[in-house]
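Enquirer:
Protein chains: 2
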Amino acid sequence: MSETEIFKVLSDPTRRAILERLSAGEATATDLREGFAITQPAMSQHLAVLRGAGLVNERREGRYAHYSVNAEGFAPLHAWLARYRAFWPSRIDNLKDLLREMDQ
Amino acid sequence: MSETEIFKVLSDPTRRAILERLSAGEATATDLREGFAITQPAMSQHLAVLRGAGLVNERREGRYAHYSVNAEGFAPLHAWLARYRAFWPSRIDNLKDLLREMDQ
DNA sequence: ACGACGTATAAGTCTATGCTTATGTGTTGT
DNA sequence: ACAACACATAAGCATAGACTTATACGTCGT
Numbered sequence: 676m677s678e679t680e681i682f683k684v685l686s687d688p689t690r691r692a693i694l695e696r697l698s699a700g701e702a703t704a705t706d707l708r709e710g711f712a713i714t715q716p717a718m719s720q721h722l723a724v725l726r727g728a729g730l731v732n733e734r735r736e737g738r739y740a741h742y743s744v745n746a747e748g749f750a751p752l753h754a755w756l757a758r759y760r761a762f763w764p765s766r767i768d769n770l771k772d773l774l775r776e777m778d779q
Numbered sequence: 676m677s678e679t680e681i682f683k684v685l686s687d688p689t690r691r692a693i694l695e696r697l698s699a700g701e702a703t704a705t706d707l708r709e710g711f712a713i714t715q716p717a718m719s720q721h722l723a724v725l726r727g728a729g730l731v732n733e734r735r736e737g738r739y740a741h742y743s744v745n746a747e748g749f750a751p752l753h754a755w756l757a758r759y760r761a762f763w764p765s766r767i768d769n770l771k772d773l774l775r776e777m778d779q
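Residue numbers (our numbering), protein chains in the order written: chain A, 676 to 779; chain B, 676 to 779.
(1) Rounded to the nearest angstrom, how far is the Cβ of valine 744 of chain B from that of tyrosine 739 of chain A, given a contact under 8 Å?
(2) Exposed or buried, which one is glycine 748 of chain B when buried takes at least 16 other CB atoms within 10 Å?
(3) Taking a contact to mean a Cβ-Cβ separation below 8 Å, would you say leucine 756 of chain B touches leucine 752 of chain A in this structure?
(4) Can at least three beta-carbon pairs, one atom from the segment 689-696 of chain A and one from the segment 719-728 of chain A, be found at a separation below 8 Å?
(5) With a threshold of 8 Å between beta-carbons, can arginine 696 of chain A be considered close to chain B, or not?
(6) Please decide whether tyrosine 742 of chain A counts as near chain B, where near means a Cβ-Cβ distance under 8 Å.
(7) Would a C-beta distance cut-off of 8 Å place alanine 717 of chain B and tyrosine 742 of chain B closer than the cut-off?
(8) Taking 8 Å as the threshold (C-beta atoms), are arginine 726 of chain B and glutamate 736 of chain B in contact?
Pasting the structure below:
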């Protein structure tokens, strides 16, 4: 998925809230509506967008759609952001060297 | 800056390209236009948005505006993304413990 | 002082997106 | 078989955002 698409998808607060909810575990589309002042089609559309971006997985079980976070979908975001980690706390700056050591 | 704002700002490919250019070093607004098929006001507006989100710094020098990456502005993004690092390569999963050790 | 320059702002246009209501599709229980 | 259910899709509307042209603002060189 393109970086542009991922950023667009995540720029919606409702979708980020959905992801946060899903990070606590799988949930159905109806489950997810609790706590959100949102109609069913709106939720369905948000989930379709998240699915399209590869940020969530869908597991079909009869008439229920179980959604969960697809952490691999965040890889492009991690990769992009890594370019701007130059000013991470200095401890973390040493990470690369550290990992190199760990590999040996 | 709110996560929503940061994601929106970064969802524009031109703005991400500007950041990439700036990550190679400071540049003026006019410098930045090279290589971009973009009018001067459009560039100025993008820079205003980046500045507003705290992602770039402006250094005024006479009639020139020198822009540079403000890496601290990426902190909210790092913090948010950290929640979804559960599936980072397993080596990195140990980072937290590692850093804890380093502090001692 | 004045004109060229570097940049910012204003105002309008066009498209993208998130919402709504209405409806379609497949599944389950009786 | 049929009604209720879980979810998806369609179509329309309203707002946001990225662009344009025009113009304003401050700075520099002559």
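C-beta: ideal position from N, C-alpha, C; glycine also.
Expert: Taking the definition as stated:
(1) With a Cβ gap of about 46 Å, valine 744 of chain B and tyrosine 739 of chain A do not count as contacting.
(2) buried
(3) yes
(4) yes
(5) no
(6) no
(7) no
(8) no
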